[in-house]
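In mature numbering (1 follows the signal peptide of the UniProt record, and there is no 0), the protein residues as written are -22 to -1, 1 to 180.
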């Protein structure tokens, strides 16, 4: 039995156990409400939509694993951004309506993990996110700036942990604007300025 198949079976079993307990609890609770004669108001309070119920009852570790599996599946199958945006219901959103949407973090993880798998330079990420259109004074206002920041930090940690020239070189390509931005992002993560300058090729 494959690892993915086994994981899905375990996940399904866990979900069935949770929902079975929830159904038993709801039945008992609704019976008490009916017997107590409190009427429709408490019934409405005790009843929630299927989406709300599933969201509250699913353990966070299962949700996290399912999300990671979903992201990895998109990356392995080379799903384009438009496909992922549609699946996350983010198509057409911009600025705060995009960045404050709960699914935006999933999109960010998809982008960052995809670049890491591809071993993309930070300059490629910069271009993919459309940051070349902004000056160094305005780039922090762009929708994609936070995602770029996540990638720079993830790549820096990867290079630092592996102590590998192969990873470090991915940090070096840059325009002047990107170099200044990248240096400001990493200032809080690199205690050794000399090493940071070396990694950035300054």
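Just so it is clear, CB atoms sit at the ideal spot from N, CA and C, and this is done for glycine as well.
Bounds of the alpha helix (DSSP H) holding residue 88 are 82 to 96. Closest option to residue 177, judged by alpha-carbon separation, among 154, 153, 133 and 69: 133. Between residue 82 and residue 107, the C-beta gap is not smaller than 7 Å, which leaves the two residues out of contact. The three-state secondary structure of residue 160, taken from DSSP, is helix. Straight through space, the alpha carbons of residue 41 and residue 59 are spaced by roughly 22 Å.
Your pair residue 128 and residue 90 checks out as a contact, with CB atoms roughly 5 Å apart and the cut at 8 Å. Residue 145 holds the alpha-carbon nearest to the alpha-carbon of residue 99 among 145, 123 and 51.
Residue 103 counts as buried, since at least 16 other C-beta atoms from the protein chains shown sit within 10 angstroms of its C-beta. For the alpha helix (DSSP H) assignment, the uninterrupted runs of no fewer than 4 residues enclosed by the region 99 to 134 are, from N- to C-terminal side, 100 to 106.
Per DSSP, reduced to three states, the secondary structure at residue 67 is coil, with no helix or strand assignment. Counting along the chain, the unbroken alpha helix (DSSP H) around residue 49 starts and ends at 38 to 54. Inclusion of residue 130 and residue 163 in the CB contact set at 7 Å is warranted, their separation being smaller than that value. In this structure, the straight-line span from the alpha carbon of residue 95 to that of residue 62 is close to 17 Å. Bounds of the alpha helix (DSSP H) holding residue 174 are 171 to 178. If you ignore the 5 residues before and after residue 150, its C-beta comes within less than 7 Å of the C-beta of 178 and 179, all in its own chain and listed in chain order. Pairing residue 76 with residue 121 gives a Cβ-Cβ distance under 7 Å. Between residue 66 and residue 49, the CB-CB gap reaches or exceeds 7 Å. Between the alpha carbons of residue 112 and residue 57 lies a gap of roughly 27 Å.
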